[in-house]
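As given, the protein sequences belong to chains A, B and C, one line each in that order. Per our numbering: the first sequence = residues 264 to 889. Per our numbering: the second sequence = residues 26 to 145. Per our numbering: the third sequence = residues 2 to 173. What follows is one structure encoded as C-alpha cells, with my remarks underneath.
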Amino acid sequence: MLYSTIGHYSLILGLCISLILVYFSIKNFQNYSILNTKILSFTFLQFFLVVVSFICLIISFVLSDFSNETVFNNSHTTKPLFYKIAGTWGNHEGSLLLWLLVLTLFIFIFFLKTKNQPLKYKLLTLVFQQIIIIGFFIFLIETSNPFNYIYPTPEEGMGLNPILQDPALAIHPPILYLGYVGSSIIFSSALAATCLNIVSKEWASHIKKWVIVSWVFLTLGILLGSIWAYYELGWGGFWFWDPVENVSLMPWLALTTLLHCILVLEKKQVLTSWVIILSISTFTLSMCGTFLVRSGILNSVHTFANDPERGLFILIFLFSLIFISLFIFFFFHKSSQNNLNSFFWLSKETSIIINNWFMMYFLSVVLIGTIYPIFLEVLSSQKISVGPPFYHKLIIPFLIPFLIAMAIGPKLKWIKSNIEDRVYLILLLVISIVLSFLIVKNFDSNFLLNTILVSSALYLFFITLRDFFIKKYSNMSQNIAHFGFSLLILSILFNNLFSSEIITNLKVGETFENSKTKIVFESISQKKEKNYKSIVTNFSIKNSNGVNENLSPELRIYNKPNIVTSEADIKTTLMSDKFIVINIVQNQDYFNVRYQVKPFMLWIWLSVLLISFGGLMSLFKKKYEK
Amino acid sequence: MKILKLFFIIFLIFSFNHLKASNEDMKNKITKNLRCLICQGQSVYDSDSEFAISMKVLVDEKIEEGFSETQIYDFFKEKYGEWILYDPELNKNTYILWLLPILIFLIGGVIISKNFIIKK
Amino acid sequence: MKNKLLLIFIISIFIIIFIFFYKGLQNTNIYTPETKINNKIPLFNGDLLYINKTVNSSDLFKSDKFYLLNIWSSWCVPCRQEHSLLMNLSKSKKVELIGINYKDTKVNAKSFLAELGNPYKKIIFDQKGVKAIEWGAYGVPESFLINDGIIIKRYIGPLNKKLFKEIESLIK
Chain A
264 MLYSTIGHYS
274 LILGLCISLI
284 LVYFSIKNFQ
294 NYSILNTKIL
304 SFTFLQFFLV
314 VVSFICLIIS
324 FVLSDFSNET
334 VFNNSHTTKP
344 LFYKIAGTWG
354 NHEGSLLLWL
364 LVLTLFIFIF
374 FLKTKNQPLK
384 YKLLTLVFQQ
394 IIIIGFFIFL
404 IETSNPFNYI
414 YPTPEEGMGL
424 NPILQDPALA
434 IHPPILYLGY
444 VGSSIIFSSA
454 LAATCLNIVS
464 KEWASHIKKW
474 VIVSWVFLTL
484 GILLGSIWAY
494 YELGWGGFWF
504 WDPVENVSLM
514 PWLALTTLLH
524 CILVLEKKQV
534 LTSWVIILSI
544 STFTLSMCGT
554 FLVRSGILNS
564 VHTFANDPER
574 GLFILIFLFS
584 LIFISLFIFF
594 FFHKSSQNNL
604 NSFFWLSKET
614 SIIINNWFMM
624 YFLSVVLIGT
634 IYPIFLEVLS
644 SQKISVGPPF
654 YHKLIIPFLI
664 PFLIAMAIGP
674 KLKWIKSNIE
684 DRVYLILLLV
694 ISIVLSFLIV
704 KNFDSNFLLN
714 TILVSSALYL
724 FFITLRDFFI
734 KKYSNMSQNI
744 AHFGFSLLIL
754 SILFNNLFSS
764 EIITNLKVGE
774 TFENSKTKIV
784 FESISQKKEK
794 NYKSIVTNFS
804 IKNSNGVNEN
814 LSPELRIYNK
824 PNIVTSEADI
834 KTTLMSDKFI
844 VINIVQNQDY
854 FNVRYQVKPF
864 MLWIWLSVLL
874 ISFGGLMSLF
884 KKKYEK
Chain B
26 MKILKLFFII
36 FLIFSFNHLK
46 ASNEDMKNKI
56 TKNLRCLICQ
66 GQSVYDSDSE
76 FAISMKVLVD
86 EKIEEGFSET
96 QIYDFFKEKY
106 GEWILYDPEL
116 NKNTYILWLL
126 PILIFLIGGV
136 IISKNFIIKK
Chain C
2 MKNKLLLIFI
12 ISIFIIIFIF
22 FYKGLQNTNI
32 YTPETKINNK
42 IPLFNGDLLY
52 INKTVNSSDL
62 FKSDKFYLLN
72 IWSSWCVPCR
82 QEHSLLMNLS
92 KSKKVELIGI
102 NYKDTKVNAK
112 SFLAELGNPY
122 KKIIFDQKGV
132 KAIEWGAYGV
142 PESFLINDGI
152 IIKRYIGPLN
162 KKLFKEIESL
172 IK
C-alpha cells in the first residue's frame, strides 16, 4: 500500500516536472545563461522519479501486494521470485512505465552528453521530448495507472500467463524498448533541428550515434523476440508476420533506412528533407505500433489486454504528434536543394538512394499488410486475413535485386566511380549461380526462384567476404553488417529448404521408424514445481548416422491460471537444431509427437548478432574521409 | 527502362513456379494457409488445438478424395468466410492490398528519376 | 503555393486514416464467422452413436419440421449447463433435437447421457470433429435452428434462458 502511494505520487511529480521543464525552456529560450545545469538536474530528477515509481511497482509485485490492481491481475503468491520481478513489465500498465523510463532516460543522457550543439537546439529537443513524455504521463495516470487501489484486498492474485513465465521476459521487453522507444530522441531532435534550420553535416554526425544505439537495441530486441517465439510457442517457427511482430519490424526498416541516409548527410548537404521525414516516421511508426497493439483493434497472439478507450487516447495522441510534425516540417524546413541533387549514376549516393527505394517498398508492404484488414472491415464489414503468403510473395522477388545492389553498392566511390575489379565481380557472380544450382537442384519446388535467391545471397556473401581480405580495416562495420545480412538470408533459405518433420502418435514404449529416423518413446514421469506440475517424457532418437540422442519434452499444468502448456526440448548444434514437442490428444492414451530437424537455426541468430555488431562497431570507428 | 527490365524478370520468376508437391507437402502448404479460428493468430499447421487437429484430419480426407488445393480453400471459405485463409485472394476487395505496394514502388522510382539528375 | 497544396493533400490523407482507425476501434474484435443465416444445411453423412448405422443428412432432416442441431461433448463444461434446457426443449413436439457428439468416446458420451438424460432423437458420433466443420462450427457447444432445410439461427456457446425463449418463439 505504501509503495503504491509512493509510486503513484512519483508519477504525478514527474508530470509536474515535465510542465516545469517546458515552461522554463520556452520562457528562457532567448536568454539562457544559467539554464544548462538547472535543466540537466531537472531531467535527472524526472528520470529518478520514474525509476522510483518503477521500483515501487516491482516491490509491490515481490510483496504480492494484492491491494494493487495491477499486481492482483498479473501475479500470484506461488509465482517464482524471478517472475514476480520480471512480470512487472509483462502487463500493459507496467510496460507503459517502462516506456516512460526509457523516454526520460534518453532525454537525460541526451542533455548530459551533447556538448557541441547550440543550447537552443538542446532546449527545443527537450521541449519536443517532454511533449511525448507528458502525453505518456497523462495516459498512464488517467487510463492505465499501475497503482490503482482495490478494496477489499483479495487473498490471491490471478497469476501470470504461463507463456510469459520464461527468462526471456526479463530481457526481451527492456532491450526492445531501448530501441523502439529510444527512437523518440531522434524524433524530437529532428524536429528541433528543423525548427532551427540546422539540419546539416554536423547535425548528422551528432545524431548518428543516437540512431545507431537505437538501431542496435531494436535489432537485438527483435532477435530476442524471435528466439523466444521459437522455443516457447512450440511450433519451431521464428517469424510469423503476426501484427505485433510487424509492428516492431516497421520502425526497424525506417531506422535502417535512416541510418544509411545519415551516412550520406554526414558527407554532403543532401537529402535533408528525406532525413527529417525518416526521423519523424520512425517514432511515428513506433507510436502507431503501440496503438495497434494496445487498442484491441488487431487480433494476435501477442496482444495485451485490450481496451478501446485507451486506444482512442493513443490514437489522438499519435495523430497530434503527426500533425505537429507535419506543421513544423512544412513551415520551418527550407529545402536548399539546388544543384546538389545531381548524382552520377555509378556512385555511392545512387546506391544509397536505391537502398532507400527498396526499403520504403518493404516498409509499405508490411504496413499495408498489417493495416489493410482494419480499413476493409470499416469500409465493407468484410474480414480478411493477411498472412505469410502475402508478405513472401511481395518481398521475396524484390530481395534479389536488393541483395545484388547491397553487394555492389558499397564498392562504389562517393561522387563517381568506375567499377574496378570488374573481373572479380563477374567471376563471383558466376560461381554463386553455379553453387546455388548445385545446392538447390534436388528440391523441385520453386526451383528457379530458389536458385536465383540463393545465388544473390551467395553473391553478397562472397563479395563481403572477399572485402574483408582486400580492404582490411576500412569500413569494417559496414562490411560486417552486410556480411551478416547475407548470412541471415542464406541461413533462412537453407533452413527452409532442408528442414524435415515427423508427426506421429505414440504411446509409452512405442516406436516410430522411417528410412532416416527412429523415434522411441522411452518413458514418462511426473515432476512438481512451485507453481506447476509437469509430465516429463523421454524420447531417444536415432538418425541415419546411427547417433542416438535423448530429448525430453514436457507438458506443464500451471496452477494459476489453470493452463496447460507444452514445453519443447531443443538440442542445438552448430549445424542444426533437433526440436521435439508433445501434445495431449483428447480422450486418448497416446500423445501427439512432433519431431523436427531444423538446420542452420543457430546461424540465423548468429547472423543477426553479427549485423548488430557491425552497427555497434561503427560507433567506435574513427572518422575519416574516404 | 531499367524498371521495365526488373519487372520482366519478376514476371518470369513467377511464371516458372512449377510446384511438384507430394500429398504431404500439399497438406502442409494448405494447413499453413488456414487460420486456426480458436487460436490467437496461429495457423492450423502450427496449432495443436482441437479445432486445428480436426481441420488437419479433414484436409487429409479431402486430399484423399482428390480435391485440388483451390477446391479445398473454396470448401473452407464457404464454411467460414475469407478470414480463414491467410493468403488473400485477388478480388475486388483486395486489389488495393496487392497493388498499392507495387504502385508505391513505381511512384518511388518516378520521384527518384525526377528529383535526382543522374549523370553518366 | 505548391507547398501549401501538398500540405493540405497530406493532411487530408491523414485525417481519412484517422477516421478509419477511429471507426475500426468501434468494431468488435471477436470474429463470428458469417452466421450463414438462411443458408442451406450442409449435405453430409455420419455414424450414429447408439446404433451401428450410417445416416445421410436427408434422412435426418425432413421439411416441415423444426430441428435443433446441437454440438456437444462429455468433456465440455458449458454443455452440462445447457443440457437441462435441452431436456426441456425435447419435450416440445414442435422441434426435434439432433445431436453431434464432438471428439468424444462412445463410453463417455453414453454415460454423460445416462447421467443427465438424452434429449436427442438421433445422435451423430463425430469422433474426429470433421462433421462439425461441415456445419462451420469450431467448438463446443454450438446449436443450429433448422427448418425446411435452411439454417434459421445459429448459436455459438451454451444456450441460456433468454436464447431458449427466443427458440421457443421462433418455432411457433
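Cβ atoms here follow ideal geometry from the backbone N, Cα and C, with glycine treated the same way.
Nearest-angstrom Cα separation, counted from F554 (chain A) out to P571 (chain A): The count along the first sequence starts at 1 and reaches residue 571 (chain A) at position 308. The count along the first sequence starts at 1 and reaches residue 554 (chain A) at position 291. Answer to the nearest angstrom: the Cα atoms are 10 Å apart.
Rounded C-alpha distance that separates N602 (chain A) from I587 (chain A): Residue 602 (chain A) sits at position 339 when you count from the first residue of the first sequence. Residue 587 (chain A) sits at position 324 when you count from the first residue of the first sequence. Because N602 (chain A) sits at a pLDDT of 47, beneath the cut-off of 50, its placement in the model cannot be relied upon, and the following sentence gives the value as read from the coordinates. Spanning the two alpha carbons is a distance of roughly 30 Å.
Supposed contact pair L561 (chain A) and G488 (chain A) - C-beta distance, whole angstroms, cut 8 Å: Counted from its first residue, the first sequence places residue 488 (chain A) at position 225. Counted from its first residue, the first sequence places residue 561 (chain A) at position 298. Not a contact, Cβ separation roughly 17 Å.
Contacting residues, own chain, Cβ-Cβ under 8 Å from A433 (chain A) (five flanking each side not counted): Start at 1 with the first residue of the first sequence, and residue 433 (chain A) comes out as number 170. The answer, listed in chain order, is F345, I348 and A349.
Interface positions of the region 98-109 of chain C facing chain B (Cβ-Cβ less than 7 Å), listed along the chain: Answer set for the region 98-109 of chain C: K104.
Residue-level contact to chain A via CB, N89 (chain C), 8 Å cutoff: By one-based count along the third sequence, residue 89 (chain C) stands at place 88. No, N89 (chain C) lies away from the interface with chain A (no Cβ there is under 8 Å from its Cβ).
Opening and closing residue of the beta strand (DSSP E) in which R60 (chain B) lies: By 1-based counting over the second sequence, the position of residue 60 (chain B) is 35. Note, R60 (chain B): premise wrong, no beta strand (DSSP E); not H, not E.
Cβ shell of I55 (chain B) (< 7 Å), same chain only, five flanking positions each side left out: Here residue 55 (chain B) is taken as the residue at index 30 of the second sequence, counted from 1. Here I55 (chain B) has V84, E94 and I97 as same chain residues with Cβ atoms under 7 Å from its own Cβ, once five neighbours each way along the sequence are excluded.
Min CB distance I176 (chain C) to chain B below 8 Å: This structure cannot settle anything about residue 176 (chain C), because the visible part of chain C is limited to 2 through 173.
Nearest residue (CA-CA) to Q309 (chain A), options A:N713, A:N336, A:N291 and A:L276: By one-based count along the first sequence, residue 309 (chain A) stands at place 46. Here the closest residue by C-alpha is A:L276.
According to DSSP, residues forming a beta bridge with W73 (chain C): By one-based count along the third sequence, residue 73 (chain C) stands at place 72. Answer is C:N102.
Runs of alpha helix (DSSP H) lying entirely within the region 580-667 of chain A, each at least 4 residues, in chain order: Complete alpha helix (DSSP H) runs here, min 4: 611-643.
Sheet register partners of K67 (chain B) (DSSP bridge): Mapped onto the second sequence, residue 67 (chain B) falls at position 42. Checking the displayed sequence, the identity of residue 67 (chain B) turns out to be Gln instead of Lys. Answer by DSSP bridge pairing: none, since Q67 (chain B) is not bridged.
The region 109-122 of chain B / the region 125-139 of chain C touching (three or more Cβ pairs under 8 Å): Contact fails: fewer than three Cβ-Cβ distances are below 8 Å.
Assigned secondary structure, S788 (chain A) (DSSP; H/G/I helix, E/B strand, else coil): Position 525 of the first sequence holds residue 788 (chain A). Correct three-state label for S788 (chain A): strand.
Classification of L454 (chain A) by the beta-carbon crowding that lies within 10 angstroms, buried from 16 upward: Here the question's residue 454 (chain A) lines up with position 191 in the first sequence. Of the other Cβ atoms in all chains shown, 16 or more fall within 10 Å of the Cβ of L454 (chain A); this residue is therefore buried.
Residues that V703 (chain A) bridges to, as DSSP identifies them: Residue numbering aside, residue 703 (chain A) sits at position 440 when the first sequence is read from its first letter. BP columns for V703 (chain A) are empty, so no partner.
Nearest-angstrom Cα separation, counted from G650 (chain A) out to S803 (chain A): For the purposes of this step, residue 803 (chain A) is taken as residue 540 along the first sequence, with counting starting at 1. For the purposes of this step, residue 650 (chain A) is taken as residue 387 along the first sequence, with counting starting at 1. Those two C-alpha atoms are separated by around 36 Å.
Expected contact under 8 Å - CB spacing of K781 (chain A) and K796 (chain A) to nearest Å: Translated into the one-based positions of the first sequence, residue 781 (chain A) becomes position 518. Translated into the one-based positions of the first sequence, residue 796 (chain A) becomes position 533. Not a contact, Cβ separation roughly 30 Å.
Chain C contacts made by the region 51-76 of chain B, where a contact means CB separation under 8 Å: The residues in question are L62, I63, E75 and F76.
Contact with chain A by E94 (chain B), beta-carbon distance below 8 Å: Locating residue 94 (chain B) in the second sequence gives position 69, counting from the first residue. Answer no: the Cβ-Cβ gap between E94 (chain B) and chain A never drops below 8 Å.
S74 (chain C) burial status per 10 Å Cβ neighbour count (16 or more: buried): Indexing the third sequence from 1 puts residue 74 (chain C) at position 73. With 16 or more Cβ atoms within 10 Å of its Cβ, S74 (chain C) is classed as buried.
Residue burial classification, D730 (chain A) (beta-carbon count within 10 angstroms, cutoff 16): Position 467 of the first sequence, counted from the start, is the residue given in the question as residue 730 (chain A). Buried is the label assigned to D730 (chain A), since at least 16 other Cβ atoms lie within 10 Å of its Cβ.
Backbone secondary structure at D72 (chain B) - three-state DSSP: Within the second sequence, numbered from 1, the residue matching residue 72 (chain B) stands at position 47. The residue you asked about is not Asp; residue 72 (chain B) is Ser in the sequence shown. Coil, per DSSP.
Limits of the unbroken alpha helix (DSSP H) element including N768 (chain A): Taking the first residue of the first sequence as position 1, residue 768 (chain A) is located at position 505. Unbroken run through N768 (chain A) is the beta strand (DSSP E), S763 to L769; no alpha helix (DSSP H).
Check whether C61 (chain B) and S72 (chain B) have beta carbons under 8 Å apart: Looking up residue 61 (chain B) in the second sequence gives position 36. Looking up residue 72 (chain B) in the second sequence gives position 47. Yes, they are a contact pair.
Contacting residues, own chain, Cβ-Cβ under 7 Å from I321 (chain A) (five flanking each side not counted): Position 58 of the first sequence, counted from the start, is the residue given in the question as residue 321 (chain A). The answer, listed in chain order, is I348 and T351.
Proximal residues to Q393 (chain A) (C-beta, below 6 Å), its chain only, five neighbours per side dropped: Here residue 393 (chain A) refers to the residue found at position 130 when the first sequence is read from its first residue. The answer, listed in chain order, is S281, L284 and V285.
8 Å Cβ cutoff, I127 (chain B) in contact with chain C: Numbered from 1 along the second sequence, position 102 holds the residue referred to as residue 127 (chain B). Look at I127 (chain B): its C-beta is not under 8 Å from any C-beta on chain C.
Cβ-based neighbour list, L44 (chain C), same chain, cut-off 7 Å, excluding 5 preceding and 5 following: Here residue 44 (chain C) corresponds to residue number 43 of the third sequence, with the count starting at 1. Apart from the 5 residues on each side of it in sequence, L44 (chain C) sits with its Cβ closer than 7 Å to the Cβ of S58 in its chain, given in chain order.
Proximal residues, the region 80-104 of chain B versus chain C, C-beta separation under 9 Å: Listed by position along the chain: M80, V82, L83, E86, F101, E103 and K104.
Short CB-CB distance (under 8 Å) between W73 (chain C) and chain A: Translated into the one-based positions of the third sequence, residue 73 (chain C) becomes position 72. Not flagged as an interface residue toward chain A: W73 (chain C), since no C-beta distance is shorter than 8 Å.
Reduced DSSP secondary structure (H/G/I, E/B, other) of I804 (chain A): Here residue 804 (chain A) corresponds to residue number 541 of the first sequence, with the count starting at 1. The DSSP-derived three-state label of I804 (chain A) is strand.
Coarse secondary structure for I370 (chain A), derived from DSSP in three states: Counting from 1 along the first sequence, the entry for residue 370 (chain A) is found at position 107. When secondary structure is reduced to three states using DSSP, I370 (chain A) falls in the helix class.
Three-state class that DSSP yields for K58 (chain C) in the structure shown: Position 57 of the third sequence, counted from the start, is the residue given in the question as residue 58 (chain C). According to the sequence provided, residue 58 (chain C) is Ser. The question's Lys does not apply to it. S58 (chain C): helix per DSSP, three-state reduction.
Environment of A46 (chain B) [buried if 16+ CB atoms lie within 10 Å]: Looking up residue 46 (chain B) in the second sequence gives position 21. Bear in mind that a pLDDT of 48 at A46 (chain B), under 50, signals an unreliable position, so the model cannot answer this.
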